[in-house]
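Accompanying notes for the structure given below.
There are 2 protein chains.
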Amino acid sequence: MINQNIKIAVDAIVFGYEKGTLYVLAIQQRFGKLADSWVLPGGFILDDEPLINAVERELKEEAGIAVNYLEQLGTFGDDVNRDDRFRVISVAYFALVNPKNFVLKADTDAKDAKWFPINEIPKLGFDHDDMVKLAHQRLKSKLTYQPIGFDLLDAEFLFSDLENLYCTILEQDIDRRNFRKKILSFGIVKETNKVVKIGASGRPGKLFSFDKHKYNQLLKENFQFDIRFA
Amino acid sequence: MINQNIKIAVDAIVFGYEKGTLYVLAIQQRFGKLADSWVLPGGFILDDEPLINAVERELKEEAGIAVNYLEQLGTFGDDVNRDDRFRVISVAYFALVNPKNFVLKADTDAKDAKWFPINEIPKLGFDHDDMVKLAHQRLKSKLTYQPIGFDLLDAEFLFSDLENLYCTILEQDIDRRNFRKKILSFGIVKETNKVVKIGASGRPGKLFSFDKHKYNQLLKENFQFDIRFA
DNA sequence: TCAAAAGTGTTCACCGTACACCCATGA
DNA sequence: TCATGGGTGTACGGTGAACACTTTTGA
């Protein structure tokens with residue numbers, strides 16, 4: 001029979017968004033050679049554990065969170081020395097969460113868990129910088145052809161929140177009128193009858209919500225979500 | 001230290017195209033429980049072998065081919081019983097090759113290696129049917145936003161070849177004039193001064209070639225390849 | 001001269017883009 | 001009344017879509 005001496009891990013790049021800033025979740029190691037340094041949440045999988053469950057477990061254990069969106073990003077196994085203890089192949093996952101929904105809670109192996117603005121992430125251990133870079137690209141491109149932005153926002157949000165999210169993540173200006181026109185033309189965002197005002201002044205705005213059911217219906221009819229601007 | 005009892009394999013979905021038909025490469029097992037049944041080319045990786053090298057090695061060993069295009073497709077490790085001998089996690093790769101460039105040559109573990117038209121693939125072992133399905137979707141969508149079709153054709157090809165490739169893979173009719181106009185507008189396909197005729201009759205056509213260098217240049221200038229039709 | 005495949009332009013409709021003013025609220 | 005953010009419509013140009021005849025070759 002085959003004999004292999006390779007371990008399998010999962011890691012997650014978890015994005016959060018709040019008030020014009022995109023964040024990534026990192027964990028401070030408690031033990032081992034990399035103690036005190038920052039890495040992505042993740043760890044070794046159990047023998048009878050599906051990959052996806054391993055990610056969800058680690059996110060719960062290391063930071064106390066459950067994500068809104070989770071998909072496989074890619075498997076890192078070409079550099080046989082990416083972990084210098086022994087060979088580890090890591091399956092990286094891409095995740096989105098609304099930071100408001102959780103209070104980070106470092107647990108078990110983790111000394112600390114923290115949101116870092118995407119541009120202020122400390123040097124991460126292993127090849128986790130590469131993973132973040134890849135995930136960031138995926139986020140940017142996916143935002144344009146799949147309605148995943150809503151997984152970063154509250155269930156009910158102002159149009160300006162959605163618009164700022166796109167501006168922030170895509171790093172470009174967007175025309176408010178054209179943006180609203182296009183989003184509404186899809187029919188997957190519906191207006192609630194609630195009105196709120198944020199901050200000290202300004203006209204209150206209507207709250208909107210993402211109609212996931214409608215979106216799934218449209219998908220069956222060959223609908224293609226697509227937000228791109230000059 | 002961590003103890004895991006999981007093996008890691010790679011598998012490849014290799015697409016070939018010839019005369020209006022899309023093919024997938026499959027291997028007939030020589031040994032083991034699945035002897036005689038068809039599976040995707042692949043196998044266990046070596047302890048000190050990068051994943052990508054493992055795929056290339058297996059393709060050479062099992063079918064005697066070297067591909068034009070290779071990228072990671074995804075990792076299959078949620079079904080812990082996808083291999084009923086013991087737990088195997090497989091990293092699937094997506095590959096393109098011009099079948100004309102090679103004579104398939106089953107080697108070592110393989111009893112036979114064969115091209116199957118995408119619609120006539122026999123039931124494959126493990127979860128390889130799922131892999132083919134996923135790869136097929138990837139091929140279809142990628143064809144529209146990345147110039148990978150050229151990796152399935154000869155270095156020099158007729159415009160009608162390219163057009164038929166798109167028709168075949170995307171399973172839709174394409175207006176010849178609009179297709180040619182759009183492809184040529186990108187400036188990444190250049191006309192050679194060779195003229196050939198295929199078959200017994202009809203006007204001979206000019207040969208064209210893909211200008212990869214030009215494409216890479218354009219990428220730096222934010223060029224976006226995009227072929228979509230009604 | 002016929003059959004088969006290559007080559008070629010124009011028109012129209014729609015959508016993406018640019019652009020600026022009024023409204024509601026609290027201080 | 002002022003500052004702040006919310007809400008709205010139109011005109012133009014470019015691009016995708018539809019569409020048919022001529023050319024070159026071998027039989």
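First to last, the sequence lines map onto chains A and B. When we follow the UniProt record's numbering, the leftmost residue of the first sequence carries the number 1, and every step to the right adds one. When we follow the UniProt record's numbering, the leftmost residue of the second sequence carries the number 1, and every step to the right adds one. Positions of the beta carbon are idealized from the N, C-alpha and C atoms, including for glycine. The structure displayed is predicted, hence computed values, not measured ones.
Quick one: residues in its chain with C-beta nearer than 7 Å to the C-beta of Ile-174(A), no 5 flanking neighbours on either side, listed in chain order? Translated into positions along the first sequence, residue 174(A) becomes position 174. The beta carbon of Ile-174(A) lies closer than 7 Å to those of Glu-163, Tyr-166, Cys-167, Phe-229 in the same chain, with the five residues before and after it left out.
Name the chain B residues whose beta carbon is nearer than 9 Å to that of Arg-177(A)? Counting from one through the first sequence, the residue named residue 177(A) turns up at place 177. Simply none; closest approach about 24 Å.
How is Thr-168(B) classed by DSSP in three states: helix, strand or coil? Here the question's residue 168(B) lines up with position 168 in the second sequence. Helix.
Roughly how many whole angstroms lie between the Cα atoms of Tyr-215(B) and Phe-179(A)? Locating residue 215(B) in the second sequence gives position 215, counting from the first residue. Locating residue 179(A) in the first sequence gives position 179, counting from the first residue. When rounded, the distance between both Cα atoms is 31 Å.
Taking 8 Å as the threshold (C-beta atoms), are Phe-94(B) and Glu-71(B) in contact? As a working mapping, residue 71(B) is identified with position 71 in the second sequence. As a working mapping, residue 94(B) is identified with position 94 in the second sequence. Their beta carbons are under 8 Å apart, which means Glu-71(B) touches Phe-94(B) by this criterion.
Flag this pair as touching only if the stretch 101-112 of chain A and the stretch 80-91 of chain A have three or more C-beta atom pairs under 8 Å; answer yes or no. With the cut-off at 8 Å, the stretch 101-112 of chain A and the stretch 80-91 of chain A do not touch.
Using only the alpha-carbon positions, how far apart do Ser-37(A) and Pro-122(A) sit? Translated into the one-based positions of the first sequence, residue 37(A) becomes position 37. Translated into the one-based positions of the first sequence, residue 122(A) becomes position 122. One C-alpha to the other measures close to 9 Å.
Tell me, please, which residues DSSP counts as bridged to Thr-75(A). Here residue 75(A) is taken as the residue at index 75 of the first sequence, counted from 1. DSSP output for Thr-75(A) lists Val-91(A) as bridge partner(s).
Inspect the beta-carbon positions of Ile-8(B) and Met-131(B) and report whether they are closer than 8 Å. Indexing the second sequence from 1 puts residue 8(B) at position 8. Indexing the second sequence from 1 puts residue 131(B) at position 131. With a cutoff of 8 Å on beta-carbon distance, Ile-8(B) and Met-131(B) are scored as not near each other.
Within the same chain, show all residues whose beta-carbon is closer than 7 Å to that of Asp-161(B), passing over the 5 residues directly before and after it, in chain order. As a first step, residue 161(B) must be located in the second sequence, where it is residue number 161. Here the set comprises Leu-153.
Can you look up Glu-221(B) in the DSSP assignment and give me helix, strand or coil? Here residue 221(B) corresponds to residue number 221 of the second sequence, with the count starting at 1. Residue state, collapsed to three classes: coil.
With DSSP as the reference, label Asp-211(A) as helix, strand or coil. The sequence position of residue 211(A) within the first sequence is 211, counting from 1. Coil.
Any beta carbon of chain B sitting closer than 8 Å to that of Ile-169(A)? For the purposes of this step, residue 169(A) is identified with residue 169 of the first sequence, where counting begins at 1. Not closer than 8 Å to any Cβ of chain B, the Cβ of Ile-169(A) fails to qualify, so no.
My understanding is that Ile-27(A) touches Leu-40(A), with C-beta atoms under 8 Å, so please give their C-beta distance in whole angstroms. By one-based count along the first sequence, residue 27(A) stands at place 27. By one-based count along the first sequence, residue 40(A) stands at place 40. The Cβ separation is near 7 Å, so the contact holds.
For a test of the three-state rule: what should DSSP assign to Leu-34(B), helix, strand or coil? One-based indexing of the second sequence puts residue 34(B) at position 34. Residue state, collapsed to three classes: coil.
Would you be able to state if there are at least three C-beta pairs under 8 Å between the stretch 139-150 of chain B and the stretch 215-225 of chain B? Contact holds between the stretch 215-225 of chain B and the stretch 139-150 of chain B, because three or more Cβ pairs, one in each stretch, are under 8 Å apart.
Short Cβ contact (8 Å threshold) for Phe-208(A) with Glu-191(A): As a first step, residue 208(A) is located in the first sequence; it is residue number 208 there, counting from the start. As a first step, residue 191(A) is located in the first sequence; it is residue number 191 there, counting from the start. In this structure, Glu-191(A) lies closer than 8 Å to Phe-208(A) by Cβ.
Give the DSSP bridge partners of Val-24(A), in chain order. Against the first sequence, residue 24(A) aligns to sequence position 24. The partner list for Val-24(A) (beta bridge, DSSP) reads Phe-15(A), Phe-116(A).
Of the residues Ile-52(B), Arg-57(B), Lys-194(B), Gln-172(B), which one's Cα is nearest the Cα of Asp-79(A)? Counted from its first residue, the first sequence places residue 79(A) at position 79. Comparing Cα-Cα distances from Asp-79(A) to each of Ile-52(B), Arg-57(B), Lys-194(B), Gln-172(B), the minimum goes to Ile-52(B).
Pairwise C-alpha distance: Gly-149(B) and Tyr-69(B): What you label residue 69(B) is simply residue 69 of the second sequence in a count that begins at 1. What you label residue 149(B) is simply residue 149 of the second sequence in a count that begins at 1. Cα-Cα distance, rounded: 10 Å.
Would you give the residue range spanned by the beta strand (DSSP E) that Glu-156(A) belongs to? Locating residue 156(A) in the first sequence gives position 156, where the first residue counts as 1. For Glu-156(A), the enclosing beta strand (DSSP E) covers residues 156-158.
Please say whether Tyr-17(A) and Pro-117(A) have beta carbons closer to each other than 8 Å? Position 117 of the first sequence, counted from the first residue, corresponds to residue 117(A). Position 17 of the first sequence, counted from the first residue, corresponds to residue 17(A). In this structure, Tyr-17(A) does not lie closer than 8 Å to Pro-117(A) by Cβ.
Can you give me the start and stop residues for the alpha helix (DSSP H) that Glu-62(B) sits inside? Along the second sequence, read from residue 1 onward, the residue named residue 62(B) stands at position 62. Residues 51-63.
Buried or exposed by the 16-neighbour rule on C-beta atoms within 10 Å, applied to Ser-201(A): Position 201 of the first sequence holds residue 201(A). Classification of Ser-201(A): exposed, given that the 10 Å Cβ count is below 16.
First through last residue of the beta strand (DSSP E) which encompasses Lys-190(B): Residue mapping note: residue 190(B) aligns to position 190 of the second sequence, counting from 1. Lys-190(B) -> beta strand (DSSP E) spans 189-196.
Short of 6 Å in beta carbon distance, which residues of its chain neighbour Ala-54(A), apart from the five on each side in sequence? Order them along the chain. In the first sequence, counting from the first residue as 1, residue 54(A) sits at position 54. Correct list, in chain order: Val-10, Ile-45.
Assuming contact is defined by CB atoms lying nearer than 8 Å, are Phe-31(A) and Asp-107(A) in contact in what I supplied? Translated into positions along the first sequence, residue 31(A) becomes position 31. Translated into positions along the first sequence, residue 107(A) becomes position 107. For Phe-31(A) and Asp-107(A), no; Cβs fall outside 8 Å.
Shortest alpha-carbon distance to Ser-90(B) belongs to which of Phe-186(A), Phe-76(A), Gly-187(A)? Taking the first residue of the second sequence as position 1, residue 90(B) is located at position 90. Per the Cα distances, Phe-76(A).
Looking at the C-beta of Lys-123(B), does it have a partner C-beta in chain A at a distance below 8 Å? Counting from 1 along the second sequence, the entry for residue 123(B) is found at position 123. So, not an interface residue.
So if I threshold CB-CB distances at 7 Å, which residues from the stretch 48-63 of chain B count as touching chain A? Within the stretch 48-63 of chain B, the residues whose Cβ lies closer than 7 Å to some Cβ of chain A are Asp-48, Pro-50, Leu-51, Ile-52, listed in chain order.
Report yes or no: is there a C-beta of chain B within less than 8 Å of the C-beta of Ile-2(A)? If you number the first sequence from 1, residue 2(A) lands on position 2. So yes, Ile-2(A) belongs to the interface.
Thinking Leu-73(A) and Arg-138(A) are a contact (beta carbons under 8 Å), I'd like their distance in whole angstroms, please. Locating residue 73(A) in the first sequence gives position 73, where the first residue counts as 1. Locating residue 138(A) in the first sequence gives position 138, where the first residue counts as 1. About 6 Å separates the two Cβ atoms, so the contact holds.
What are the partner residues of Val-80(A), as DSSP defines its beta bridges? Position 80 of the first sequence, counted from the start, is the residue given in the question as residue 80(A). DSSP lists no partner for Val-80(A).
Pop quiz: residue 237(B) and Asn-5(B) are said to be a contact at Cβ under 8 Å. What is the actual Cβ separation, rounded to whole angstroms? Residue coverage of chain B in this structure runs from 1 to 230, which leaves residue 237(B) outside it and unanswerable.
Separation of Gln-29(A) from Asp-112(A), as counted between CA atoms: As a first step, residue 112(A) must be located in the first sequence, where it is residue number 112. As a first step, residue 29(A) must be located in the first sequence, where it is residue number 29. Distance between the alpha carbons of Asp-112(A) and Gln-29(A) is about 7 Å.
Using a 10 Å radius around the Cβ and a threshold of 16 neighbouring Cβ atoms, would you call Val-67(A) buried or exposed? As a first step, residue 67(A) is located in the first sequence; it is residue number 67 there, counting from the start. Burial call: buried.
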